[in-house]
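From first to last, the protein sequence lines stand for chains A and B. Note that our numbering numbers the first sequence so that position 303 is 672, with each residue one more than the last. Note that our numbering numbers the second sequence so that position 171 is 954, with each residue one more than the last. Where is the CB? At the ideal position from N, CA and C, for every residue including glycine. See below for the structure under consideration.
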Amino acid sequence: MTDQLPTPLPTGCEPSSNCDSRREFLGTAVAAVAMALTGCGKLSKEEFLQHNFRELTKDEIQTIIARLESEYKAKYGKTVKVNNEPAMPGVIFGYALDLSRCIGCRRCVHACVKENNQSRTPEIQWIRVLEMDKEEGVNLQHAEQYYDPAEVPREGHFYMPVQCQQCKKPPCVKVCPVGATWKEKDGIVVVDYNWCIGCRYCMAACPYGARHFNWGEPGLNPADVNPDTHYLGNRPRPKGVVEKCTFCVQRTRKGLYPACVEICPTGSRKFGNLLDAKSEIRQVLEHKRVFKLKEDLNTQPNFFYFYGV
Amino acid sequence: MNTRPIRTAGLTLLLLAAPAFASQPEKGKKGEAVAQEGLQVPKPPFTEGVFPCTACHDGKQVKVNTQRRELAMHSEIELKHGPESRWCLDCHDANSRDNLHLASGEKVDFTVSYKLCGQCHGDKFRDWRLGIHGKRTGSWNGAKQYLLCVHCHNPHAPHFAPLKPMAPPTRPENIKLTKGGAR
């Protein structure tokens, strides 16, 4: 279903015939009717008729990117660059987080919001830091995410940030009825915000609570907009779609570390190429005690937790 | 843990502060990384105006005194590092104040202080070289910026300092209704 190709032109349709204009007319008519029925008044005809990102040709992508950039320019009054960098060959991204070092300061949470153009009001955060009881160990029944002491770490507690685990077998992808979310070749699970219908099945399927829904129009001040964006990543989202951590696809596909790695004051966050034996992530996997969150669900995360001591 | 304050004259501070690298001829400008054994390490975070130590400890203004004692100078240093017997000249070199020294007596520069730390903390040193311990910034597939041990751990009190956490997430019940949104 999701692999369906765009409908081919009817045979015998010469450029000189009036097929083009008829198609155009029908397209406009369908779009107009759909808009009237769904109440999506803001949706342009082009946007309404746009195909799934994976079915688009290079030219179509360029046209769409140009349209998005002009829309963002009009909305935020500044130039927002929408990039379309594909996955690097020979790279599968992996992430490791040192539970013995994290102090729960939430610098990562806010750096992520800033980098990835999340809605400020209503608030959306892709990283959730859980305060856990040392007595209990990794026990989600004893996790508190709203902790707010004067100083962290608090005595007797440790901290476990949870974000998208970029599973090798992502249940969110499996349940999406329209194929609006998929796993890229470098292991990043992405969302096509223009194809997402907002059914939130993926949110129900994700065992990590890593997906977030734009219940309202995303509240993003023009001054807060990060203009360096990726089509499948941090470009400003519309209302009614699901979003998630993409390992900062706009940064990592250019060779940079994700924003959460860059900001972490304790160096708890490790990132790299799982296929490169010399990468930090491989060193962690080879030398440290590593576990995956909810391993029993067989989601096979590319996100690992470890104990550095 | 031992909390005995040592008041020490003639010792360089390696406190967490803005890097101030006054006048060391062979070193580059402030912020420029120094290549050591293929590792890109930034300048040590000296307290403003404290380096070079020989500005005071030239053997004339301040005489070398290896007597273990409480000192009038450097009173801001509170030594909370290891056993009570530890003191300044275990790491700082009495006769060459702009250097540290290893247990072997070999003098090392402040820019390679990780060698000194690694003598006792060998496991952390190994992990740091592999990229497991410590912060890396820059590029996951290219040039990385390492930090020295002393950028995160004050060598005189190395326990990682607690931080004020940033704002917690809003509880769902407090997320306000916005125009055009369900909540």
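**Request:** Would you verify that the beta carbon of A:His479 is, or is not, closer than 8 angstroms to some beta carbon of chain C?
**Result:** Absent from the structure is chain C; the protein chains it does hold are A and B.
**Prompt:** A:Cys681: which of A:Gln431, A:Pro530, A:Ile430 and A:Phe462 sits nearest, CA to CA?
**Reply:** Any answer about residue 681 of chain A is impossible in this case: the structure gives chain A only from 370 up to 678.
**Prompt:** Are any of the Cβ atoms in chain A nearer than 8 angstroms to that of B:Pro945?
**Reply:** At least one CB atom of chain A sits nearer than 8 angstroms to the CB of B:Pro945.
**Asked** So, is the C-beta of B:Ala816 closer than 8 angstroms to a C-beta in chain A?
**Response** With a pLDDT of 44 at B:Ala816, under the threshold of 50, the modelled position of this residue cannot be trusted, and the question is left open.
**Message:** Just to confirm the assignment: which complete alpha helix (DSSP H) runs, minimum length 4, are found wholly within the region 883-951 of chain B?
**Reply:** Entirely contained in the region 883-951 of chain B, the alpha helix (DSSP H) runs reaching 4 residues are, in chain order, 896-903, 905-913 and 932-935.
**Prompt:** How about B:Ser896: is its C-beta nearer than 8 angstroms to some C-beta of chain A?
**Reply:** No, its Cβ sits nowhere closer than 8 angstroms to a Cβ of chain A.
**Item:** Listed by chain order, chain A residues near B:Lys863 by CB distance under 9 angstroms
**Value:** For B:Lys863, none of the residues of chain A pass the 9 angstroms Cβ criterion, the least Cβ distance being about 17 angstroms.
**Asked** Out of curiosity, what's the CA-to-CA distance linking A:Ala549 and A:Asn642?
**Response** Cα to Cα, the separation comes out at about 26 angstroms.
**Message:** Does the CB of B:Leu899 have a neighbour CB from chain A at under 8 angstroms?
**Reply:** Closer than 8 angstroms: no.
**Asked** Name the residues in the region 502-521 of chain A whose C-beta lies less than 9 angstroms from a C-beta of chain B; which are they?
**Response** Residues of the region 502-521 of chain A that bring their beta carbon within less than 9 angstroms of a beta carbon in chain B comprise Gln514, Tyr515, Tyr516, Asp517, Pro518, Ala519, Glu520 and Val521, in sequence order.
**Contact under 8 angstroms by Cβ, A:Glu500 with A:Ala512** = Their beta carbons are under 8 angstroms apart, which means A:Glu500 touches A:Ala512 by this criterion.
**Endpoints, the beta strand (DSSP E) within which A:Leu644 is located** = Here A:Leu644 belongs to no beta strand (DSSP E), and DSSP marks it neither H nor E.
**Asked** Would the beta-carbon of A:Ala574 fall within 8 angstroms of that of A:Val618?
**Response** Judged by their CB atoms, A:Ala574 and A:Val618 are not nearer to each other than the 8 angstroms cut-off.
**A:Arg658 versus B:Val847 - alpha carbon distance** = Their Cα atoms are separated by approximately 48 angstroms.
**Message:** If contact is defined by three or more beta carbon pairs under 8 angstroms, each pair taking one atom from either stretch, is the region 840-854 of chain B in contact with the region 906-925 of chain B?
**Reply:** No, they do not touch.
**Request:** Go through the region 582-640 of chain A residue by residue and report every complete run of the beta strand (DSSP E) that reaches 3 residues or more, in order.
**Result:** With a minimum length of 3 residues, the unbroken runs of beta strand (DSSP E) contained wholly in the region 582-640 of chain A fall at 597-599 and 611-613.
**Request:** Within 10 angstroms of the Cβ of A:Asn485, are there 16 or more other Cβ atoms? Answer buried if so, exposed if not.
**Result:** The residue is buried, with at least 16 neighbouring Cβ atoms inside 10 Å.
**A:Leu499 (DSSP reduced to helix, strand or coil)** = It is a strand residue.
**Whole-angstrom distance between A:Pro634 and B:Met949, CA atom to CA atom** = Computed Cα separation, rounded: 13 angstroms.
**Request:** Give a yes or no on contact between the region 560-571 of chain A and the region 659-667 of chain A, applying the rule of three or more CB pairs nearer than 8 angstroms.
**Result:** Counting Cβ pairs under 8 angstroms, fewer than three are found: no touch.
**Message:** In this structure, how does DSSP classify A:Met457 when only helix, strand and coil are distinguished?
**Reply:** DSSP places A:Met457 in coil when its eight states are reduced to three.
**Request:** Could you check the C-alpha separation between B:Gly865 and A:Pro670 for me, to the nearest Å?
**Result:** Cα to Cα, the separation comes out at about 40 angstroms.
**Message:** Below 9 angstroms on C-beta distance, what does B:Asn937 contact in chain A?
**Reply:** Within chain A, no residue has its beta carbon less than 9 angstroms from that of B:Asn937; the closest one is some 14 angstroms off.
**Item:** Distance, B:Asn882 Cα to B:Asp892 Cα
**Value:** Rounded to whole angstroms, B:Asp892 and B:Asn882 show a C-alpha spacing of 5 angstroms.
**Asked** Roughly how many whole angstroms lie between the Cα atoms of A:Phe672 and B:Arg869?
**Response** If you draw a straight line from the Cα of A:Phe672 to the Cα of B:Arg869, it is about 41 angstroms long.
**Asked** So the alpha helix (DSSP H) A:Phe462 belongs to, where does it begin and stop?
**Response** Taken as a continuous stretch (DSSP letters only), A:Phe462 belongs to no alpha helix (DSSP H), being part of the beta strand (DSSP E) at Phe462 to Asp467.
**Asked** Relative to chain A, which residues along the region 898-927 of chain B have a C-beta separation below 8 angstroms, given in chain order?
**Response** Here the close residues are Asp910, Leu913, Gly914, Ile915, His916, Gly917, Lys918, Arg919, Thr920, Gly921, Ser922, Trp923, Asn924 and Gly925.
**Asked** Taking a cut of 7 angstroms between CB atoms, which residues from the region 412-423 of chain A lie near chain B?
**Response** Against chain B - using a Cβ distance shorter than 7 angstroms - the region 412-423 of chain A contributes no residues.
**Contacting residues, own chain, Cβ-Cβ under 6 angstroms from A:Trp495 (five flanking each side not counted)** = Excluding sequence neighbours, A:Trp495 sits near Cys481, Gln532 and Cys614.
**Asked** Taking the C-alpha atoms as reference points, what is the distance between A:Cys541 and A:Gln534?
**Response** Rounded to the nearest angstrom, the two C-alpha atoms are 11 angstroms apart.
**Asked** In its own chain, which residues sit with a C-beta less than 7 angstroms from the C-beta of A:Gly585, not counting the 5 before and 5 after it?
**Response** Cβ within range, chain order: Pro491 and Lys608.
**Prompt:** Along the chain, where does the beta strand (DSSP E) that runs through A:Val558 open and close?
**Reply:** Residues Val558 to Val560.
**Request:** Answer with yes or no whether the minimum CB distance from B:Met784 to chain A is below 8 angstroms.
**Result:** Bear in mind that the predicted position of B:Met784 carries a pLDDT of just 42, short of 50, making it unreliable; the figure below should be weighed with that in mind. No, its Cβ sits nowhere closer than 8 angstroms to a Cβ of chain A.
**Request:** Can you give me the Cβ contacts of A:Ile632 inside the same chain, cut-off strictly under 7 angstroms, excluding the 5 residues immediately before and after it?
**Result:** Here the set comprises Arg476, Cys477 and Ala480.
**Request:** Identify the continuous alpha helix (DSSP H) that holds A:Val478 and give its terminal residues.
**Result:** Start and end: Arg476 to Glu484.
**Request:** Would you give the residue range spanned by the alpha helix (DSSP H) that A:Met346 belongs to?
**Result:** The requested residue 346 of chain A does not occur in the structure, where chain A is confined to residues 370 to 678.
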